[in-house]
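Asks: Count the sequence shown with the numbering used here and you get residues 125 to 403, in order.
Structure provided below as structure tokens; questions to follow.
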Amino acid sequence: MHTRFILINTSHAGNVGAAARAMKTMGFDDLVLVAPRWANVLRREETIQRASGALDVLDKCRIVDTLDEALDGLTHLCATAMTPRDFGPPTVAPREHFESLSKVERFSHIARGLEADLTQGSSAGEVVEAANPAQQGIGFLFGSERFGMRNEDVYRCHACLSIPSNPKFGSLNIGAALQVIAYEWRLALGGFPVDASEPMPAPAPAPAVMADAAQVAGMLTHLEQSLVALGFLDPAAPKKLMPRLNQLFNRAGVTQEEIHILRGIAKAILQQSAGKGQA
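In structure tokens:
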């Protein structure tokens, strides 16, 4: 089913570029602008910047004066609006509506193929052609940034799509809304395959080098000096603090890098204590 996105009375050039980008990420390229604010919107710097590489969508984009001109070849129209309209089409979530559309399309596809197959004299090519009509199209309509869609435009549509969002803050800009709609529609059409290739494994970290007994002993001597400088340890009556710390580090199995960290702490304590003594 052919897909078209229609922006009506768009006033911000950047939104046109954002729409083109959102469409391209989901594999769509038919964009029509109805009476945009800027006649040269497709060439404006902000449009090109926000398109972020989707220039082929902008190149193919059409600008028309009326909505009627934008609807050629479309058989199903979806308005996008947060607020339901009295006497308007049913308001539905995109995923819910697209699931029903895809089911109908699959059924019609099978029925058309069987009908052609049962017709006497039908060739294989005629069966394929009957099962894949080129004239069906769906259009997604987006209103202006400030006012949204006019009631009369909504009334022309078969469904009014409302994106489920925070009831207290549910307004999306055009680019974001179009991205959600394009994603949901692509998902309903079967989606794109996800690259299931295994990611490159991260390089294994270098094995830690354990500190030997001499390095632990040197660190403990350094640490003892810093504790004395702090006044935490009385060298005249050290009791069992240092042997207990020795056992603690033996159980922990410290690495050479950790020894360097601990000696750095001891060095900083000694320097700080020496500075206070001079003051």
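The beta-carbon is built from N, C-alpha and C at its ideal position, and this holds for glycine as well.
Taking the alpha carbon of W162 as the reference point, which residue from V181, F152, L131 has its own alpha carbon closest?
Replies: As a working mapping, residue 162 is identified with position 38 in the sequence shown. Closest by alpha carbon: L131.
Asks: Below 8 Å, can you find three or more Cβ-Cβ pairs linking the region 334 to 351 to the region 367 to 384?
Replies: Segments in contact, yes.
Asks: Select from H221, G299, K400 the residue whose C-alpha is nearest the C-alpha of G355.
Replies: Start at 1 with the first residue of the sequence shown, and residue 355 comes out as number 231. Minimum Cα distance to G355 is reached at K400.
Asks: Count the other CB atoms within 10 Å of the CB of V318; is the residue buried (16 or more) or exposed (fewer)?
Replies: Taking the sequence shown and counting its residues from 1, the one referred to as residue 318 is at position 194. The residue in question, V318, is exposed, as its Cβ has fewer than 16 Cβ neighbours within 10 Å.
Asks: For I305 and T204, which I take to be in contact (beta-carbon distance under 8 Å), what is that distance rounded to the nearest angstrom?
Replies: What you label residue 305 is simply residue 181 of the sequence shown in a count that begins at 1. What you label residue 204 is simply residue 80 of the sequence shown in a count that begins at 1. Their Cβ separation, rounded to whole angstroms, is 7 Å, which keeps I305 and T204 in contact under 8 Å.
Asks: Would you kindly report the start and end of the unbroken beta strand (DSSP E) that includes A283?
Replies: Translated into positions along the sequence shown, residue 283 becomes position 159. From DSSP, the beta strand (DSSP E) with A283 extends over 283 to 285.
Asks: What three-state label does DSSP hand F346 in the structure shown?
Replies: Position 222 of the sequence shown holds residue 346. Looking at the sequence provided, one finds His at residue 346 rather than Phe. Here H346 sits in helix by DSSP.
Asks: I'd like to know if the region 191 to 205 and the region 164 to 181 are in contact, where contact means that at least 3 CB-CB pairs between them fall below 8 Å.
Replies: At 8 Å Cβ cutoff, the stretches do not touch.
Asks: Start and end of the alpha helix (DSSP H) containing A159?
Replies: The residue labelled residue 159 in the question sits at position 35 within the sequence shown. Unbroken run through A159: none, as it is neither H nor E.
Asks: Ordered along the chain, which non-local residues of its own chain (more than five positions away) have a Cβ less than 6 Å from that of S247?
Replies: Position 123 of the sequence shown holds residue 247. For S247, the pLDDT reaches just 42, beneath the cut-off of 50, and the residue's location in the model is therefore unreliable, although a value from the coordinates is still provided. Same-chain partners within the cutoff: there are none.
Asks: Taking its Cβ as the centre, do 16 or more other Cβ atoms sit within 10 Å of F264, making it buried, or is it exposed?
Replies: Residue mapping note: residue 264 aligns to position 140 of the sequence shown, counting from 1. Buried, since its Cβ has 16 or more Cβ neighbours within 10 Å.
Asks: With G197 and G261 assumed to form a contact (beta carbons below 8 Å), what rounded beta-carbon distance in angstroms separates them?
Replies: By 1-based counting over the sequence shown, the position of residue 197 is 73. By 1-based counting over the sequence shown, the position of residue 261 is 137. Their Cβ separation, rounded to whole angstroms, is 5 Å, which keeps G197 and G261 in contact under 8 Å.
Asks: Taking DSSP as the reference, what is the three-state secondary structure of T215?
Replies: Walking along the sequence shown from the start, residue 215 turns up at place 91. The answer is strand: DSSP assigns T215 an E or B state.
Asks: Identify, in the order they occur along the chain, each residue of the same chain with its Cβ nearer than 6 Å to the Cβ of F266, setting aside the five sequence neighbours on each side.
Replies: Locating residue 266 in the sequence shown gives position 142, counting from the first residue. Contacts found: L131, T204, I298.
Asks: With three or more C-beta pairs closer than 8 Å as the rule, is the region 345 to 362 touching the region 385 to 401?
Replies: Touching, yes, given that three or more Cβ pairs across the two stretches are closer than 8 Å.
Asks: Can you give the beta carbon distance from V156 to V188, rounded, assuming they're within the 8 Å contact cut?
Replies: Translated into the one-based positions of the sequence shown, residue 156 becomes position 32. Translated into the one-based positions of the sequence shown, residue 188 becomes position 64. The Cβ separation is near 6 Å, so the contact holds.
Asks: On the DSSP bridge assignment, give the partners of G413 in chain order.
Replies: Within the shown structure, residues of the chain are numbered from 125 to 403, placing residue 413 beyond reach of any answer.
Asks: Mind checking which residues open and close the alpha helix (DSSP H) that includes V304?
Replies: Sequence index remark: in the sequence shown, residue 304 carries index 180 (1-based). Run containing V304: 298 to 312, per the alpha helix (DSSP H) assignment.
Asks: Could you pull the start and end residues of the beta strand (DSSP E) that R186 belongs to?
Replies: As a working note, residue 186 is residue 62 in the sequence shown. Element bounds for R186: 186 to 188.
Asks: So is R368 buried or exposed if we call it buried at 16+ other beta carbons inside 10 Å?
Replies: Residue numbering aside, residue 368 sits at position 244 when the sequence shown is read from its first letter. So R368 counts as exposed.
Asks: Is the CB-CB distance between T190 and V158 below 8 Å?
Replies: Along the sequence shown, read from residue 1 onward, the residue named residue 190 stands at position 66. Along the sequence shown, read from residue 1 onward, the residue named residue 158 stands at position 34. Their beta carbons are under 8 Å apart, which means T190 touches V158 by this criterion.
Asks: What is the DSSP secondary structure of M147, counted as helix, strand or coil?
Replies: The residue labelled residue 147 in the question sits at position 23 within the sequence shown. Helix at M147.
Asks: Relative to the C-alpha of Y279, which residue among M125, N370, T207 is closest?
Replies: Position 155 of the sequence shown holds residue 279. The option with the nearest alpha carbon to Y279 is T207.
Asks: Across which residues does DSSP place H200 in a beta bridge pair?
Replies: Taking the first residue of the sequence shown as position 1, residue 200 is located at position 76. Beta-bridge pairing links H200 to I262.
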